[in-house]
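Data block below; observations after.
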Amino acid sequence: MTLSSDDCEEPTYASESAAAIITMVFQHTENGAFHSQILECFMSLKRNVIKDVLSIIAYGPPSAKSPAAHLLFYYWPQLNPALSDRRGIHYKYCAWPAILCQRKGCINEGNCQAVKMCINPALAIHSGDSPPPLYICSDCAQTLKKDHGGYMVDLLMPMPHVSSVCENKNCKSSQNIAVCTCFSIDCASFNSNRPIRYCSSCHERRHGSNGSINHIYHTSIIDIWSCSPELQRYLMDAIVSLLKEATPIGTKKDG
């Protein structure tokens with residue numbers, strides 16, 4: 001699915017449909033692994049996914065609002081740094097399972113995580129008579145690199161934990177609270193191909209004017225008044241929507 005090119009910020013039909021696609025997954029399956037997988041998929045392809053999540057909370061069906069709200073605080077923990085009010089929460093985050101190597105004749109016998117995706121249909125057919133893409137582990141990638149390297153794409157691994165501190169091993173900031181998550185493979189490669197969390201200093205160094213400005217990264221809402229009018233409206237409507245469904249604290253005690 002083509003969302004946009006790396007150097008293009010113009011919206012496309014696919015990128016504008018993200019909220020609807022995520023809503024359908026949240027609404028029609030209770031499997032938390034699918035919830036996290038679809039969200040991380042979009043987070044690796046486009047920026048401002050937080051706007052899509054907030055729109056689901058604000059205007060989506062009740063069955064989609066619950067996972068959207070809980071994943072909002074999971075992937076953007078700065079929105080609730082204390083995580084103090086957890087009463088009545090039954091949703092449990094579930095990381096999506098990593099894809100295993102699919103190459104026929106893999107020396108790891110298909111028990112190793114895939115780190116590359118090969119889009120060469122001929123290779124896919126010869127490796128088990130399956131349609132492309134073919135997911136392969138690092139050992140198979142090294143074996144096939146010479147002849148099929150041009151068809152290989154790096155894969156992002158699941159994000160089983162959202163760190164509250166910077167994951168840059170060379171971080172020297174005294175304020176190492178993580179404020180950004182980068183899903184671009186250039187940065188993820190420093191974190192075992194998993195999306196990496198940066199503090200404000202490392203984020204500016206990596207993605208500022210002198211860094212990789214085309215990376216796909218997600219920052220938290222620091223100040224609502226600095227957000228775009230559209231995001232402000234989504235945030236306020238999401239808060240109102242959740243308040244309408246909230247149970248007053250004293251209700252259960254009175255009953």
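Position 195 of the sequence shown, counting from 1, maps to 195 under the UniProt record's numbering, and the rest follow consecutively.
Cβ atoms here follow ideal geometry from the backbone N, Cα and C, with glycine treated the same way.
Alpha carbon to alpha carbon, how far is residue j from residue i? Give it in angstroms, no decimals.
i: Ile99; j: Ser189; result: 17 Å
i: Asp186; j: His203; result: 13 Å
i: Pro158; j: Pro195; result: 8 Å
i: Gly60; j: Glu230; result: 16 Å
i: Pro132; j: Pro121; result: 5 Å
i: Val240; j: Ala69; result: 13 Å
i: Val179; j: Gly208; result: 14 Å
i: Met24; j: Glu30; result: 11 Å
i: Pro11; j: Cys182; result: 20 Å
i: His161; j: Asp147; result: 36 Å
i: Leu123; j: Asn214; result: 31 Å
i: Pro248; j: Asn80; result: 19 Å
i: Lys172; j: Trp76; result: 23 Å
i: Leu144; j: Gly110; result: 16 Å
i: Phe73; j: Asn170; result: 27 Å
Would you list the one or two residues that DSSP bridges to residue i?
i: Lys116; result: Ile136, Asp154
i: Val25; result: Its beta-bridge partners do not exist; DSSP assigns none.
i: Leu243; result: Answer is none; Leu243 lacks a bridge partner.
i: Arg233; result: Answer is none; Arg233 lacks a bridge partner.
i: Tyr198; result: Cys180
i: Tyr217; result: Cys182
i: Val165; result: Ile177
i: Leu100; result: Gln113
Could you tell me which of the options sits nearest to residue i, measuring between CA atoms?
i: Gln142; options: Asp154, Val240, Ser163, Arg197; result: Asp154
i: His126; options: Lys104, Glu30, Leu144, Gln113; result: Lys104
i: Ser201; options: Gln232, Val165, Ser228, Arg47; result: Val165
i: Gly149; options: Ser173, Lys116, Asn170; result: Lys116
i: Glu245; options: Ile119, Ile222, Cys112, Lys65; result: Lys65
i: Asp223; options: Gln78, Lys169, Cys101; result: Gln78
i: His35; options: Leu134, Leu144, Trp96; result: Trp96
i: Ala58; options: Ala20, Ser173, Tyr74; result: Ala20
One question on the structure: do residue i and residue j come within less than 9 Å of each other, judged by their Cβ atoms?
i: Ala238; j: Leu54; result: yes
i: Cys199; j: Gln175; result: yes
i: residue 260; j: Ile221; result: Residue numbering for the chain in the displayed model covers 1 to 255; residue 260 lies beyond these limits and cannot be assessed.
i: Ser63; j: Gln27; result: yes
i: Glu167; j: Arg205; result: no
i: Ser192; j: Ile216; result: no
Whose C-beta lies closer than 7 Å to the C-beta of residue i among residues of the same chain, with five residues either side of it excluded?
i: Ala107; result: At residue 107 the sequence reads Ile, which differs from the Ala that was named. Contacts found: Asp139.
i: Ile22; result: Ile38, Leu39, Phe42, Asp52, Ile56
i: Cys137; result: Cys101, Cys106, Asn108, Cys112, Gln113, Ala114, Val115
CB-CB under 8 Å to residue i, same chain, minus the five flanking residues each way: which ones, in chain order?
i: Val49; result: Ala18, Leu39, Phe42, Met43, His218
i: Ser163; result: Ala178, Arg197
i: Ser130; result: Gln102, Ala124
i: Cys227; result: Ile221, Leu235
i: Ser212; result: Ser184, Asp186, Cys187, Arg206
i: Leu156; result: Glu40, Ser44, Phe183, Ile185, Ala188, Asn193, Arg194, Pro195
Which residues in the same chain have their Cβ closer than 6 Å to the Cβ of residue i, if we skip the five residues on either side of it in sequence?
i: Ile119; result: Pro132, Pro133, Tyr151
i: Tyr135; result: Ile99, Gln102, Ala114, Met117
i: Asn210; result: none
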